[in-house]
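What follows is a set of notes on a single structure, which appears directly below.
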Amino acid sequence: MGEATRNGQAVRRVVIAGGGTAGWVAAAALVRHLGSLIDITLIESDAIGTVGVGESTIPTSRAFHKFLGIDEQSFMRANGASFKLGISFENWGQIGERYFHSFGTTGQPTGLADFHHYWLEATAQGFGGPVGDYCVEYLAAQQGRFATELNGTPLSYAYHLDATAYARALRQLSEKAGVRRVEGKIAAIEQDPDTGFLTALGLSSGERIEGDLFIDCTGFHGLLIEETLKTGYEDWSAWLPTNSAWVVQTESTGPALPYTRAIAHEAGWRWRIPLQHRVGNGLVYCNGFLSDEEARAKLVDSIDGAPVTEPRLIRYVSGRRKKSWNKNCIALGLSSGFVEPLESTSIHLIKIGITRLIHAFPFDGVTPALTERYNGVARAEMEHIRDFIILHYHLTQRTDSPFWRRMRAMEIPQSLAQRMALFEQNAIAYQDSDDLFRVDSWVQVLMGQGMRPRAHNPLARLAPPDQLKRALGDLRGNVARCVAALPPHAAFLDRYCANEAA
Ligand SMILES: Cc1cc2nc3c(=O)[nH]c(=O)nc-3n(C[C@H](O)[C@H](O)[C@H](O)COP(=O)(O)OP(=O)(O)OC[C@H]3O[C@@H](n4cnc5c(N)ncnc54)[C@H](O)[C@@H]3O)c2cc1C
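Mapping of the sequence shown onto this note's numbering: position 280 corresponds to residue 272, and the numbering continues sequentially without gaps.
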């Protein structure tokens, strides 16, 4: 009858291994929603430390904070966080070109065809104008303006946050609500000799912590899910070959922009994440195309403010653990896999992973049906993200370096090839089930990277040109008026959530 029967154990004691963002996000969510039903222990080692990056988020963070009962203003004040309306992609399609992936909705849906079909028709007739003029978040980002809401409707925004302060705040929240934290290095992992299920973690101090369910948040090496359970890793580096990042924090040299910058270079890209009190910088590259020394120098040359940390090198392999949930162990965060950070999706995956676990918590024991469902959804979510990131690299006109020539020429997953063909032929874009990215996101990147569809939906031609022109003009006028009414981002931060260090 499978593992559930062999394990046959109700789940009351949850042990979280690791206290980075993943560990504390998991602890905070579990204790808030299941704290009266389960005991939660988190083990972390200050001596090992955390990866210390992961500072750009996506709008789903807001819903997750509500789920945890986090007050936005206090969280932002304590964190020195700033707001993010999207990502500015520079030098991706061509050197010198820029496009913006905004979190907002572009235009208005008609129920028949997506807005971009009408915009394409209007552009063909000569009056479409810049596509960003139809999106409040897009235009606000370009003008450096921000407010959390406009006439009672929230903007679609996310946060730039301090990774260390974030984990600390979640730790405080979790400990206050009853999570037991144990400091120490996990040195031994015990398994049931018959089923292989994990039974206890032994610390180098000699302490032993038993559990019914284990959450592996130990970062890249995946102490439980990989080193112990040998789950296996699906390596995606043939499509996503960047494998290294130099990171450094610098002082701010001006007001925080309300967006992340992702600036491509000859063998990858670099980020700029502005917080209230400092800036996070990183240079992502493939070390087969750029040496570590060259990459470090490139990052150091590109920063504006004085460094407040020493540059630090991080290695990774893009890919996913073959099963996120194996036996009675669930991997969250870097232990479950990592798609390089171009669209800031990793913390989101932690949050939906723990939310999904809460929705189907194995109170009466782990069953194959539960794990299969969990793993199936996790796979689909990550594969959609993988495809979206590959698109940024593959759909480029850049031929200036061996790296970009390879990215242009490589074979891509069939799922992405089919999407690109659909858009190229008929401007059809879609959000699949378990797909994080909306139609607008796919369209912005497809067109931003230079794809021009050969045809669009003929329904957009049914409207008489005057009527279409008037409707689009009204939309643009409305967006421009809304954005003009927003304060500068820096002024809003000052009023709403100024951080003392800033
Ligand atoms: C270059 C880079 C940039 C990134 N940028 C973004 C971004 O902009 N947005 C985003 O969403 N994500 C980003 N990420 C991903 C993000 O950093 C991670 O998802 C997030 O920090 C979670 O990490 P973690 O908690 O899984 O691992 P870690 O932070 O590595 O934590 C691991 C924990 O396990 C503990 N541990 C390990 N071994 C043991 C042991 N033997 N005994 C006891 N404890 C142990 C450690 O002490 C630590 O507490 C980025 C990642 C990289 C590499």
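Heads up, the beta-carbon is just placed ideally off N, CA and C, and yes, glycines get one too.
Since the model is a prediction, treat every value here as computed from it, not as a measurement.
Heavy atom of ligand 1 within 6 Å of residue i beta-carbon
i: LEU326; result: yes
i: GLY46; result: yes
i: ALA323; result: no
i: GLY329; result: no
i: GLU37; result: The sequence given here has Ser at residue 37, not Glu. Flag set: Cβ of SER37 near ligand 1.
i: THR42; result: yes
i: ALA237; result: yes
i: TYR366; result: no
i: ALA14; result: yes
i: SER244; result: no
i: ILE306; result: yes
i: PRO233; result: no
i: LYS177; result: yes
i: ILE295; result: no
i: PRO333; result: yes
i: ILE201; result: no
i: ILE339; result: yes
i: GLY11; result: yes
i: SER336; result: yes
The alpha helix (DSSP H) enclosing residue i, as first and last residue numbers
i: ALA180; result: That residue, ALA180, is in no alpha helix (DSSP H); its beta strand (DSSP E) goes 178 to 183.
i: ASP379; result: 360 to 386
i: VAL45; result: Taken as a continuous stretch (DSSP letters only), VAL45 belongs to no alpha helix (DSSP H), as it is neither H nor E.
i: HIS57; result: 52 to 60
i: CYS489; result: 481 to 489
i: ASN418; result: 406 to 418
i: GLU113; result: 107 to 116
i: ARG288; result: 284 to 294
i: ILE350; result: 338 to 351
i: HIS25; result: 13 to 26
i: ASP466; result: 457 to 476
i: TYR130; result: 128 to 135
i: PHE395; result: 394 to 401
Spatial neighbours of residue i in its chain, beta-carbon cut-off 7 Å, leaving aside the 5 residues before and after
i: ARG307; result: ASN235 and SER236
i: ILE404; result: TRP231, ILE382 and HIS386
i: ALA105; result: ASN449, LEU451 and ALA452
Endpoints, beta strand (DSSP E) assigned at residue i
i: LYS76; result: 74 to 76
i: PRO266; result: 260 to 266
i: THR252; result: 252 to 257
i: LEU34; result: 31 to 36
i: THR242; result: 236 to 243
i: SER94; result: 90 to 94
i: VAL6; result: 5 to 9
i: THR220; result: Looking at the DSSP string, THR220 is not in any beta strand (DSSP E), and its letter there is neither H nor E.
i: ALA150; result: 150 to 152
Local Cβ density within 10 Å of residue i, reported as buried at 16 or more and exposed below that
i: LEU282; result: buried
i: ASN320; result: buried
i: ASN470; result: exposed
i: ASN497; result: In this structure the chain extends from -7 to 494, so residue 497 is not present and cannot be described.
i: GLU332; result: buried
i: PRO185; result: exposed
i: ARG137; result: buried
i: LYS222; result: exposed
i: SER74; result: buried
i: ARG270; result: buried
i: LYS58; result: exposed
i: GLN134; result: buried
i: GLN459; result: exposed
Neighbourhood of residue i by C-beta, 6 Å cutoff - its chain only, sequence neighbours within 5 removed
i: GLY274; result: ALA237, VAL239 and TRP263
i: ALA447; result: ASN418
i: THR337; result: ILE377
i: ALA370; result: SER316
i: ARG69; result: CYS489 and ASN491
C-beta contact flag for residue i and residue j at 7 Å
i: ILE265; j: HIS152; result: yes
i: GLU82; j: GLY272; result: no
i: ARG397; j: THR391; result: yes
i: PHE95; j: SER80; result: no
i: ILE178; j: LEU190; result: no
i: LEU267; j: GLY72; result: yes
i: ILE207; j: LEU112; result: no
i: GLY311; j: GLU226; result: yes
i: LEU162; j: TRP16; result: yes
i: ILE8; j: ALA20; result: no
Own chain, CB closer than 8 Å to residue i, minus 5 neighbours either side, in chain order
i: ALA2; result: ASP204, PHE355, ASP356 and GLY357
i: MET552; result: Outside the modelled stretch of the chain, which goes from -7 to 494, sits residue 552, for which no answer is possible.
i: PRO457; result: GLN117
Closer than 6 Å: residue i CB and nearest ligand 3 heavy atom
i: CYS209; result: Ligand 3 is absent from the structure shown, which contains only ligand 1.
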